[in-house]
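Report on the following structure.
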DNA sequence: GCCAAATTGACAGTATACGGAGGAATTACG
DNA sequence: CGTAATTCCTCCGTATACTGTCAATTTGGC
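Residue numbers (the working numbering), protein chains in the order written: chain F, 1334 to 1498; chain C, 1334 to 1498.
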């Protein structure tokens, strides 16, 4: 069992200088590990709040993107939601299976299949809204007002930095 | 394409009051979405830094946990790394396939298979170390020293809060 | 108008990630 | 001491998530 060391709050630079002895190599406190756990937490909170609605975070994001951009194609939806084209293909397949979206051929470009929310998908999205809102709020619940702003901004900076690499 | 609204930095509470018009429902700025993208970024940075080493973040975490706790069983490794038992089973299978770990029956408890780093696994872990360190540093690179502490602490609080629910 | 380049959706392969079921083995309790 | 509860592993099913590949199609350059 890893001991609860006091070195938790050392900077990475300080950790580097500290690397001679093994204590600071504690994976459990490294950003990569914490980010993975944060994502687990977010998915878990979403699932708990939206229990019984038969929807996942990515599926919800795809539906919202589709509602705001009707008649878009799969490649652009994938870019909007920030997901791989292949993965989005699977997501859309499941959403079509549940009857939340409709796919039809584009007469002007036979490569493309245009996507649209079905009436059922529109209703589902409206039903989800309060629960999704509650989930988002619950994730940030341990942070105070100022911290929520800071945390969101820091995430955006970290994401943007690597997007341009 | 979602327009770059100025409401980005509103608090969730303010967003709630603001929910009448659609602008603030922008999924792309909600914590759940940003956390998912942050995790994508972290995995991507890890993969870039450790390119050619044939190792993933979770596999690395499992190896470290195994190094620090030789002779542990799969269930406890899963708990340490904060991963599902099923998933850890697959991870360990792959690690055994690569020759990084050894699995043998426990004579005292025939349910259990004891796990140990192989010599090859030990060497691999040592080879990884500088690259993993570089990856962890790169993730936090856009943040200054104080922010890195804050960000890590905030992540830990958010994770801990939902762990106890 | 023709051919190369780019785009789009589909598919295969690999790797997390989780819940649930089931079997084998151990422990706890009466 | 015997049975119920627990523990551990494995397998199945579902859902992301990415790379690479492929065919069909469209587009751009000449």
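Glycine included, every Cβ here is placed at the ideal spot set by N, Cα and C.
- For residue 1431 (chain F), the closest C-alpha among the options F:1413, F:1455, F:1370 is that of F:1455.
- Secondary-structure assignment with DSSP links residue 1442 (chain F) through a beta bridge to F:1439.
- Its chain contains 1407 as the residues whose beta carbon lies nearer than 7 Å to that of residue 1422 (chain C), once the 5 sequence neighbours on both sides are disregarded; these appear in chain order.
- Using a CB distance cut-off of 8 Å, residue 1385 (chain C) does not count as an interface residue toward chain F.
- Residue contact check for residue 1480 (chain F) against chain C: a CB pair falls below 8 Å.
- DSSP, reduced to helix, strand and coil, places residue 1447 (chain F) within a strand of the structure shown.
- For residue 1483 (chain C), a Cβ of chain F is located within less than 8 Å of the residue's own Cβ.
- Using a C-beta cut-off of 8 Å, the segment 1389-1403 of chain C makes no contact with the segment 1370-1390 of chain F, since fewer than three inter-stretch Cβ pairs fall below that distance.
- In the displayed model, residue 1388 (chain C) falls within coil according to three-state DSSP, outside both helix and strand.
- When secondary structure is reduced to three states using DSSP, residue 1406 (chain F) falls in the strand class.
- Boundaries of the alpha helix (DSSP H) harbouring residue 1379 (chain F): 1364-1382, taken from the DSSP string.
- Within the segment 1443-1497 of chain F, the alpha helix (DSSP H) runs of at least 4 residues that lie entirely inside it are, in chain order, 1452-1472, 1478-1496.
- For residue 1363 (chain F), the neighbours in chain C by C-beta distance under 7 Å run, in chain order, 1469.
- The segment 1438-1446 of chain F makes no contact with the segment 1483-1493 of chain F, as fewer than three CB pairs between them are under 8 Å.
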